[in-house]
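First up is the structure itself, then whatever we jot down about it.
In the numbering used here, the protein residues as written are 1211 to 1463.
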């Protein structure tokens, strides 16, 4: 039976779309642009000489997605990792499958996605964050083939908000498209920074902060309203379900 136009039908449709990362969900989650004046961003600085960055999608013992930060934190602790921080790792599809390239421990589990589409992931150029040994990097997705040899971990997301010190060309000064945002940046000296906004911020202001305040030359958007950042000194366990995670741990001596 077809649903006649009515408020009941509208709310049924809206509820069904809000269960995933839909354009409607993104629009509804836009908020007035406002950041915490005392601490606009919560950050984690990552020094490759002291820290590892690893990606985690499925528990290797069960081959099932970790789903929650608490599940991954428990597994990391049980496997003798010294946790610094954990955040959700990028945009995903229904079924908890990464939307784009995903490499874990040198194994490509999801291929590079160069398709066109609607939503933040497809706002070209998008990019890939990668780890090779103790080197962190961010590369434009169409050029990732130039650097993929020997990569240990890689995560595709989008948009690529900052590349070679240039802000994404689609971002508009004065934009009112504001929401909670998370991302990762890489500095000229090879350090990385994880950041999540304490409040709602536009893409252009987020990219400008990465470049002008954090001193990054490349930065990749990870996710929006559902994002969270768990830090050991200020643990914040979200109940949100995710496809994958980015973990920062201390290097073993």
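Cβ atoms here follow ideal geometry from the backbone N, Cα and C, with glycine treated the same way.
Are there 16 or more other CB atoms within 10 angstroms of the CB of residue 1274, so buried, or fewer, so exposed?
exposed
Using a threshold of 9 angstroms, state whether the C-beta atoms of residue 1410 and residue 1255 are closer than that.
no
If you reduce the DSSP assignment to three classes, tell me which class residue 1353 lands in.
helix
On a CA-only basis, which of 1424, 1367, 1372 and 1341 is nearest residue 1307? Give me that one, please.
1367
Evaluate contact between the region 1362 to 1377 and the region 1302 to 1321, counting only Cβ atoms and requiring at least three cross-stretch pairs below 8 angstroms.
yes
Who are residue 1268's beta bridge partners in DSSP?
1275
Can you grab the Cα-Cα spacing for the pair residue 1244 / residue 1271, in whole Å?
43 angstroms
Can you tell me whether DSSP reads residue 1370 as helix, strand or coil?
coil
Can you tell me whether residue 1246 is buried or exposed? The criterion is at least 16 other CB atoms within 10 Å of its CB, across all chains shown.
exposed
Starting from the C-beta of residue 1377, find all residues in its chain whose C-beta is less than 6 angstroms away, skip the five residues before and the five after it, and write them out in chain order.
1417
Do residue 1299 and residue 1432 come within 9 angstroms of each other at the CB atom, strictly closer than that value?
yes
Give me the Cβ distance between residue 1279 and residue 1447, rounded to the nearest whole Å; I'm assuming they're in contact under 8 angstroms.
6 angstroms
Do residue 1371 and residue 1295 have their C-beta atoms within less than 9 angstroms of each other?
no
Quick one, are the C-beta atoms of residue 1242 and residue 1408 less than 9 angstroms apart?
no
What are the uninterrupted segments assigned as beta strand (DSSP E) that are 3 or more residues long and contained completely in the region 1384 to 1439, given in chain order?
1392 to 1396, 1402 to 1407 and 1428 to 1433
Once DSSP output is grouped into helix, strand and coil, what is the label at residue 1460?
strand
The beta strand (DSSP E) that contains residue 1298, what's its start and end?
1293 to 1298
Can you tell me whether residue 1314 is helix, strand or coil according to DSSP?
strand
Which partner residues does residue 1381 have in the DSSP bridge list?
Partner(s): none; residue 1381 has no beta bridge.
Beta carbon of residue 1265 nearer than 9 angstroms to that of residue 1457
yes
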